[in-house]
Each structure stands twice: as structure tokens, then as C-alpha cells.
Amino acid sequence: MNEAIKTAIGIVGSQKKLGDACGLTQQAVYKWLHGKAKVSPEYVESIVDATGGAVRAYQIRPDLPGLFPHPNQAA
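With the numbering used here as the guide, the letters of the sequence shown map in order to residues 2 to 76.
What follows is the structure, given as C-alpha cells:
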């Protein structure tokens with residue numbers, strides 16, 4: 002289970018609401034949550050915005066540190 006997406010869903014209220022914030026379906030969010038698909042980089046900022054910054058970009062896609070670096074990562 003994707004903990005960052007689980008947290009985002011908890012903040013916005015439902016899979017459908019998170020999907021709406023990204024312009025996607027509830028089914029797309031379900032796939033992210035259950036690891037059946039990765040969040041496309043184009044939707045990461047929408048999730049960050051929908052959660053008021055509580056979920057950070059690097060938490061959503063830790064496999065892309067070049068795009069979404071951890072704030073404590075040495076430059």
C-alpha cells in the first residue's frame with residue numbers, strides 16, 4: 002500500500018476527491034493506493050496542493066530524486 006497516497010486520501014476525504022483534485026478517476030487513485038500504478042510526475046503537484054503540503058512530492062515518488070528531491074538531501 003502506498004502510504005503517501007493513503008495519507009493524501011485521509012486528508013482530502015476519499016479516493017474520488019483526490020482523483021477530482023488531479024482530474025482523474027477514483028479508479029486511478031485506487032491503482033496508486035494499491036501499487037498497481039505509479040503516480041505520474043504530472044500529478045504529483047496536484048496531490049501536494051490538495052493536501053495543503055502535508056504530503057510532500059518526494060514522499061509520493063521517492064524513486065525520482067532528480068525531480069522530487071528530499072529536503073534533507075545533500076546538494
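Beta carbons are placed, not taken as given, at the ideal position from N, Cα and C, and that holds for glycine.
These figures come from a predicted structure and were not determined experimentally.
- Where do the N-terminal and C-terminal ends of the alpha helix (DSSP H) with V30 fall, by residue? As a working note, residue 30 is residue 29 in the sequence shown. Here the alpha helix (DSSP H) through V30 covers 27-34.
- Among R62, V56, I12, the one whose alpha carbon lies nearest that of P42: Stepping through the sequence shown from its first residue, residue 42 is reached at position 41. Looking at the Cα atoms, R62 is the closest of the given residues.
- Task: For the alpha helix (DSSP H) containing A5, list its first residue and its last residue.
- Result: Here residue 5 corresponds to residue number 4 of the sequence shown, with the count starting at 1. First-last of the alpha helix (DSSP H) with A5: 4-13.
- Would V13 pass as a contact of A22 if the rule is Cβ separation under 9 Å? Within the sequence shown, residue 13 is the residue found at index 12, counting from 1. Within the sequence shown, residue 22 is the residue found at index 21, counting from 1. A distance below 9 Å separates the beta carbons of V13 and A22.
- Item | Cβ pair L34, K7 closer than 9 Å | Locating residue 34 in the sequence shown gives position 33, where the first residue counts as 1. Locating residue 7 in the sequence shown gives position 6, where the first residue counts as 1. Yes, the Cβ-Cβ distance between L34 and K7 is below 9 Å.
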